[in-house]
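**Q** Numbering (numbering that gives the first Met the number 0), first residue to last: 0 to 247.
Ideal placement from N, C-alpha and C gives every residue a C-beta, glycine not left out.
Sharing a structure, written as structure tokens. Questions coming.
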Amino acid sequence: MSLLQTATDALRLDGVRKDFGDRHALQSLSLGIAPGEVYALLGPNGAGKTTTLNLILGFLDADGGRIEVAGIDVARDRLGARARIAYLPETVMLHPQLDAIENLSYFALLGGRRIDGKQARDLLTQAGLQAEAHTRRAGGFSKGMRQKVGLAIALAKDAQLLLLDEPTSGLDASAANDLSHGVRAASRRGVAVLMATHDLYRVKDVAHRLGILSAGRLLTERRTAELSASQIEALYLQELDAAGAVAA
Ligand SMILES: Nc1ncnc2c1ncn2[C@@H]1O[C@H](COP(=O)(O)OP(=O)(O)O)[C@@H](O)[C@H]1O
Ligand SMILES: [Mg+2]
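What follows is the structure, given as structure tokens:
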């Protein structure tokens, strides 16, 4: 990795604000994520997690502050910034008639990248999808399998920043574990990851750092190496309690 890359955060938010009418969804949110770092954004429903991702993706415009993706100002060059981002939405829509490899090839091509069968298999395996499912039609896939294909599609983009919105919600423990492994694999390749989640149980294994968001404010940030899984849970409840928020 060059000096230049390490000097630039993969993601930088500075005093970002977003209002919906008179509701302050985000109030001066600042955070930075280094290349290869996995950051878990924790918070109850309505905390502003999805809004944060939508602002980074340029799907929404901020009312204040600044967002940079790999040094690119989202307000100035929305498409340039988006080209550096891979995004795994909460619900992955696949073509039901196509198998996993065909879906991956199709969506990669839509994103401007042609991948061959071998690359497709490698990406699906990295994302945790077992080989036996690679050539099955996506119409019969479980939510976990669709999420894994979605992660493979995101990885195929070769982006510098991976955004995930509640990737493990509604998944069984084994599918959620596979997906966490896929996220760590991306991180080892230098991809920065911002993951919105309320899956406290997996934060320690998957994330290097966590931030607790409540009512549009970042209450605290910690390195997960300093905390046990039960300390993370205690911290989360304590912070929300102190902020007068209700955990959900
Ligand atoms: N398009 C929208 N219009 C109006 N209010 C919105 C919109 N999107 C989100 N909100 C509000 O902004 C706040 C943050 O929502 P959201 O970012 O979806 O939270 P989270 O993803 O953490 O559950 C909530 O109060 C929500 O009702
Ligand atoms: Mg959300």
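(1) Provide the residue span of the alpha helix (DSSP H) that contains I55, from first to last.
(2) Please list the segments of the beta strand (DSSP E) lying wholly inside the stretch 211–242, counting only runs of 3 or more residues, in order along the chain.
(3) Whose C-beta lies closer than 6 Å to the C-beta of R77 among residues of the same chain, with five residues either side of it excluded?
(4) Report the option in V68, P88 and A119 whose CA atom is closest to the CA atom of S168.
(5) To the nearest angstrom, how far is it from the Cα of E238 to the Cα of R216?
(6) For a test of your reading of the model: does the CB of T219 fall under 7 Å from any non-hydrogen atom of ligand 1? Yes or no.
(7) Threshold first: 4 residues or longer. Then list the alpha helix (DSSP H) segments lying entirely within the stretch 48–103, N to C.
(8) Given T219, which residues of its chain have a CB within under 8 Å of its CB, disregarding the five upstream and five downstream residues?
(9) Within the present structure, is the beta-carbon of T49 separated from the nearest heavy atom of ligand 1 by less than 7 Å?
(10) Given 8 Å as the limit, is there contact between the stretch 114–126 and the stretch 32–52, that is, 3 or more CB pairs closer than that?
(11) Does DSSP put A195 in a helix, in a strand, or in coil?
(12) Below 8 Å between beta carbons: does that hold for S179 and V205?
(13) Classify D171 as buried or exposed, calling it buried when 16 or more other Cβ atoms lie within 10 Å of its own Cβ.
(14) Tell me which same chain residues have a C-beta within less than 7 Å of the C-beta of L25, skipping the five on either side of it?
(15) Taking 8 Å as the threshold (C-beta atoms), are V148 and L128 in contact?
(16) Less than 7 Å between the CB of E19 and some heavy atom of ligand 1, yes or no?
**A** The relevant details are as follows:
(1) Numbered from its first residue, the sequence shown carries residue 55 at position 56. Counting along the chain, the alpha helix (DSSP H) containing I55 begins and ends at K48 to I55.
(2) 216–222
(3) To locate residue 77, count along the sequence shown from 1; it is residue 78. The residues are G57.
(4) For the purposes of this step, residue 168 is taken as the residue at position 169 of the sequence shown. The candidate whose alpha carbon is nearest that of S168 is P88.
(5) Here residue 238 corresponds to residue number 239 of the sequence shown, with the count starting at 1. Here residue 216 corresponds to residue number 217 of the sequence shown, with the count starting at 1. So the alpha carbons of these two residues sit roughly 11 Å apart.
(6) Locating residue 219 in the sequence shown gives position 220, counting from the first residue. Incorrect: T219 has no Cβ contact closer than 7 Å to ligand 1.
(7) 48–55 and 77–81
(8) Position 220 of the sequence shown holds residue 219. Only residues of its own chain outside the window of five on either side were considered, and among them G210, I211, L234 and E238 have a CB closer than 8 Å to the CB of T219, listed in chain order.
(9) The residue labelled residue 49 in the question sits at position 50 within the sequence shown. The answer is yes for T49.
(10) no
(11) In the sequence shown, the residue the question calls residue 195 occupies position 196. Correct three-state label for A195: strand.
(12) Translated into the one-based positions of the sequence shown, residue 179 becomes position 180. Translated into the one-based positions of the sequence shown, residue 205 becomes position 206. Result yes, Cβ atoms of S179 and V205 sit closer than 8 Å.
(13) By one-based count along the sequence shown, residue 171 stands at place 172. With fewer than 16 other Cβ atoms from the protein chains shown falling within 10 Å of its own Cβ, D171 counts as exposed.
(14) As a working mapping, residue 25 is identified with position 26 in the sequence shown. The answer, listed in chain order, is V15, R16, K17, G47, T50, T51 and G215.
(15) Taking the first residue of the sequence shown as position 1, residue 128 is located at position 129. Taking the first residue of the sequence shown as position 1, residue 148 is located at position 149. Yes, the pair counts as a contact, with Cβ atoms nearer than the cut-off.
(16) On the sequence shown, position 20 is the one that residue 19 refers to. Note on residue identity: the sequence assigns Phe, not Glu, to residue 19. F19 Cβ: within cutoff of ligand 1.
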